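Novice: One line per chain: the protein sequences are A and B, in this order. This note's numbering puts the first residue of the first sequence at 5, with every later residue one more than the last. This note's numbering puts the first residue of the second sequence at 179, with every later residue one more than the last.
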Amino acid sequence: PMEADHKILVKQIHEAYMKNFNMNKAKARLILTGKTSTPQPLIIHDMETFQLAERTLAVHMVSGDYAESDGGVGDRQVFPAVACEELEQREAEARLFHCCQSTSVETVTELTEFAKAVPGFQSLDLNDQVTLLKYGVYEALFTLLASCMNKDGLLVARGGGFITREFLKSLRRPFGDMMEPKFQFATRFNALELDDSDLALFVAAIICCGDRPGLVDVSLVEQLQESIVQALRLHLLANHPDDTFLFPRLLQKLADLRELVTEHAQLVQEIKTNEDTSLHPLLQEIYRDMY
Amino acid sequence: LKEKHKILHQLLQNSTSPVDL
Numbered sequence: 005p006m007e008a009d010h011k012i013l014v015k016q017i018h019e020a021y022m023k024n025f026n027m028n029k030a031k032a033r034l035i036l037t038g039k040t041s042t043p044q045p046l047i048i049h050d051m052e053t054f055q056l057a058e059r060t061l062a063v064h065m066v067s068g069d070y071a072e073s074d075g076g077v078g079d080r081q082v083f084p085a086v087a088c089e090e091l092e093q094r095e096a097e098a099r100l101f102h103c104c105q106s107t108s109v110e111t112v113t114e115l116t117e118f119a120k121a122v123p124g125f126q127s128l129d130l131n132d133q134v135t136l137l138k139y140g141v142y143e144a145l146f147t148l149l150a151s152c153m154n155k156d157g158l159l160v161a162r163g164g165g166f167i168t169r170e171f172l173k174s175l176r177r178p179f180g181d182m183m184e185p186k187f188q189f190a191t192r193f194n195a196l197e198l199d200d201s202d203l204a205l206f207v208a209a210i211i212c213c214g215d216r217p218g219l220v221d222v223s224l225v226e227q228l229q230e231s232i233v234q235a236l237r238l239h240l241l242a243n244h245p246d247d248t249f250l251f252p253r254l255l256q257k258l259a260d261l262r263e264l265v266t267e268h269a270q271l272v273q274e275i276k277t278n279e280d281t282s283l284h285p286l287l288q289e290i291y292r293d294m295y
Numbered sequence: 179l180k181e182k183h184k185i186l187h188q189l190l191q192n193s194t195s196p197v198d199l
């Protein structure tokens, strides 16, 4: 009976993942390897191609600017018109930063819907659901991001664009420091060769984590976490019979992800303090008093 | 927690996209 239970859970979580995420690893790999009938993504490798992408992929590269205050959801600032080339470059970097934010907001929304579909999640105290999302979404986001990355770049705009690693690295500090650690993580993580069914369970395990600060009912979250982690362990044994150490290796990645999120939160804080840019209210909520 | 995480609460209770807010 236990085996049957875990198979049902695996199926439910995999289905929730396939239903709620616009991009998945199978889709991303088809695009990245050119094995798809859809047009090849637009390669973004400099400011010129970035601006071309902004015009042609406008629908999925929304670069809104967000008000700083909590009450200002949806308020827009208008950048002053500038002629100076350096300022134009700075504006483009800020717009790129906002594109990243829009993608993050979209993924957080998808992750919330995914979490709600994980059996047991919605039975938790509402405060605990908030806590689990607050601390889990960025770890989950960087896990999903790895699916869209190869050693040379990252798929963006729902597969319509491919932004090169070198271009991202060439941006002015602190923007240029933002993505490199994610590429390094992705290279190591992608070497595990997980598929979407494995990733679905891993992302569910990230979100349903019993040691997040401030949980009201730790034992209930731990019970949920235990059932997901057991399902993940059994699923990996069945799905990757030749790789018996995959489960412990995957669990080690949780520590890497936590470190990646801490570094990322510090960079975002630095950008918020020193740059003339703003943060989406949802992301403000997540980062506030995080670590 | 609810006061500090209004949008997360809203997302948990319905599926309004924060992009559209």
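Just so you know, even glycine gets a beta-carbon here, dropped at the ideal spot from N, CA and C. Computed from a predicted structure; not experimentally measured.
Please state whether DSSP places V160 of chain A in a helix, a strand or coil.
Specialist: Position 156 of the first sequence, counted from the first residue, corresponds to residue 160 of chain A. V160 of chain A falls in the strand class under three-state DSSP.
Novice: Between which two residues does the beta strand (DSSP E) carrying L46 of chain A extend?
Specialist: Stepping through the first sequence from its first residue, residue 46 of chain A is reached at position 42. Taken as a continuous stretch (DSSP letters only), the beta strand (DSSP E) holding L46 of chain A covers L46 to I48.
Novice: Does the distance from the C-beta atom of L205 of chain A to that of A242 of chain A stay below 9 angstroms?
Specialist: Counting from 1 along the first sequence, the entry for residue 205 of chain A is found at position 201. Counting from 1 along the first sequence, the entry for residue 242 of chain A is found at position 238. Cβ atoms of L205 of chain A and A242 of chain A: not closer than 9 angstroms.
Novice: Anything in chain B within Cβ reach of V134 of chain A, meaning under 8 angstroms, just list it in chain order.
Specialist: As a position in the first sequence, residue 134 of chain A is number 130, starting the count at 1. Per Cβ cutoff of 8 angstroms: L179, K180, H183, L186, H187 and L190.
Novice: Tell me which same chain residues have a C-beta within less than 8 angstroms of the C-beta of Y139 of chain A, skipping the five on either side of it?
Specialist: Here residue 139 of chain A corresponds to residue number 135 of the first sequence, with the count starting at 1. Only C213, R216, P217 and M294 meet the Cβ criterion.
Novice: Determine whether the beta carbon atoms of L190 of chain B and T116 of chain A lie at a separation below 9 angstroms.
Specialist: Position 12 of the second sequence holds residue 190 of chain B. Position 112 of the first sequence holds residue 116 of chain A. Cβ atoms of L190 of chain B and T116 of chain A: closer than 9 angstroms.
Novice: Indicate whether L61 of chain A and G165 of chain A have their beta-carbon atoms separated by less than 9 angstroms.
Specialist: For this step, residue 61 of chain A is matched to residue 57 along the first sequence. For this step, residue 165 of chain A is matched to residue 161 along the first sequence. Yes, Cβ-Cβ distance for L61 of chain A and G165 of chain A is below 9 angstroms.
Novice: Which residue comes first and which comes last in the beta strand (DSSP E) that contains G165 of chain A?
Specialist: If you number the first sequence from 1, residue 165 of chain A lands on position 161. First-last of the beta strand (DSSP E) with G165 of chain A: G165 to T168.
Novice: Suppose the cutoff is 8 angstroms on Cβ atoms and the five residues either side in sequence are ignored; what does the same chain contact list for G38 of chain A look like?
Specialist: The residue labelled residue 38 of chain A in the question sits at position 34 within the first sequence. Q44.
Novice: What does E289 of chain A touch in chain B if you count any residue whose Cβ is under 9 angstroms from its own?
Specialist: The residue you call residue 289 of chain A lines up with position 285 of the first sequence. Under the 9 angstroms cutoff, chain B gives K182, H183, K184, I185 and L186.
Novice: Would D247 of chain A pass as a contact of L255 of chain A if the rule is Cβ separation under 9 angstroms?
Specialist: One-based indexing of the first sequence puts residue 247 of chain A at position 243. One-based indexing of the first sequence puts residue 255 of chain A at position 251. No; because the gap between Cβ atoms is not below 9 angstroms, this pair is not in contact.
Novice: State buried or exposed for S41 of chain A, treating a residue as buried only when at least 16 other CB atoms are found within 10 Å of its CB.
Specialist: Looking up residue 41 of chain A in the first sequence gives position 37. Looking at its Cβ environment, which holds fewer than 16 other Cβ atoms inside 10 Å, S41 of chain A is exposed.
Novice: Do S151 of chain A and K29 of chain A have their C-beta atoms closer together than 9 angstroms?
Specialist: Looking up residue 151 of chain A in the first sequence gives position 147. Looking up residue 29 of chain A in the first sequence gives position 25. Yes; because the gap between Cβ atoms is below 9 angstroms, this pair is in contact.
Novice: Which first and last residues belong to the alpha helix (DSSP H) in which Y139 of chain A is found?
Specialist: Taking the first sequence and counting its residues from 1, one reaches residue 139 of chain A at position 135. Note, Y139 of chain A: alpha helix (DSSP H), L130 to S151.
Novice: With a cut-off of 9 angstroms, does the C-beta of N26 of chain A fall near any C-beta of chain B?
Specialist: As a working mapping, residue 26 of chain A is identified with position 22 in the first sequence. Not an interface residue.
Novice: Measure the C-alpha to C-alpha separation of A20 of chain A and V207 of chain A and round it to an integer number of angstroms.
Specialist: Start at 1 with the first residue of the first sequence, and residue 20 of chain A comes out as number 16. Start at 1 with the first residue of the first sequence, and residue 207 of chain A comes out as number 203. Taking the straight line joining both Cα atoms gives about 11 angstroms.
Novice: Can you pull the DSSP bridge partners for N154 of chain A?
Specialist: As a working note, residue 154 of chain A is residue 150 in the first sequence. A:G157.
Novice: Are D156 of chain A and T147 of chain A closer than 9 angstroms when you measure CB to CB?
Specialist: Mapped onto the first sequence, residue 156 of chain A falls at position 152. Mapped onto the first sequence, residue 147 of chain A falls at position 143. Contact: no.
Novice: So with Cβ pairs under 9 angstroms, would you call V86 of chain A a contact of chain B?
Specialist: To locate residue 86 of chain A, count along the first sequence from 1; it is residue 82. Confidence in V86 of chain A is poor, its pLDDT being 46 and thus under 50, which makes the residue's placement too unreliable to answer from.
Novice: Tell me the residue span of the alpha helix (DSSP H) that contains Y291 of chain A.
Specialist: Reading the first sequence from its first residue, position 287 is the one you call residue 291 of chain A. Y291 of chain A -> alpha helix (DSSP H) spans P285 to Y291.
Novice: Determine the extent of the alpha helix (DSSP H) in which N192 of chain B is found, giving its start and end residues.
Specialist: Position 14 of the second sequence, counting from 1, holds the residue named residue 192 of chain B. Neither: N192 of chain B is in no alpha helix (DSSP H) and is coded neither H nor E.
Novice: Put L255 of chain A into one of helix, strand or coil per three-state DSSP.
Specialist: Sequence index remark: in the first sequence, residue 255 of chain A carries index 251 (1-based). Helix, per DSSP.
Novice: For K155 of chain A and chain B, any beta-carbon pair shorter than 9 angstroms?
Specialist: Position 151 of the first sequence holds residue 155 of chain A. K155 of chain A does not count as touching chain B.
Novice: Can you have a look at M183 of chain A and say buried or exposed, based on whether 16 or more other CB atoms are within 10 angstroms of its CB?
Specialist: The count along the first sequence starts at 1 and reaches residue 183 of chain A at position 179. It is buried - the Cβ of M183 of chain A has at least 16 other Cβ atoms within 10 Å.
Novice: What would DSSP say about L295 of chain A, mapped onto helix, strand or coil?
Specialist: To locate residue 295 of chain A, count along the first sequence from 1; it is residue 291. Correcting the residue identity first, residue 295 of chain A is Tyr in this sequence and not Leu. Three-state DSSP puts Y295 of chain A in coil, outside helix and strand.
Novice: Where H284 of chain A and C103 of chain A are concerned, what is the direct C-alpha to C-alpha distance, given to the nearest angstrom?
Specialist: One-based indexing of the first sequence puts residue 284 of chain A at position 280. One-based indexing of the first sequence puts residue 103 of chain A at position 99. So the alpha carbons of these two residues sit roughly 11 angstroms apart.
Novice: T135 of chain A to I185 of chain B, Cα distance in whole Å?
Specialist: Mapped onto the first sequence, residue 135 of chain A falls at position 131. Mapped onto the second sequence, residue 185 of chain B falls at position 7. Their Cα atoms are separated by approximately 13 angstroms.
Novice: Between L271 of chain A and P178 of chain A, which are expected to be in contact by the criterion C-beta below 8 angstroms, what is the C-beta distance as a whole number of angstroms?
Specialist: As a first step, residue 271 of chain A must be located in the first sequence, where it is residue number 267. As a first step, residue 178 of chain A must be located in the first sequence, where it is residue number 174. Their Cβ separation, rounded to whole angstroms, is 6 angstroms, which keeps L271 of chain A and P178 of chain A in contact under 8 angstroms.
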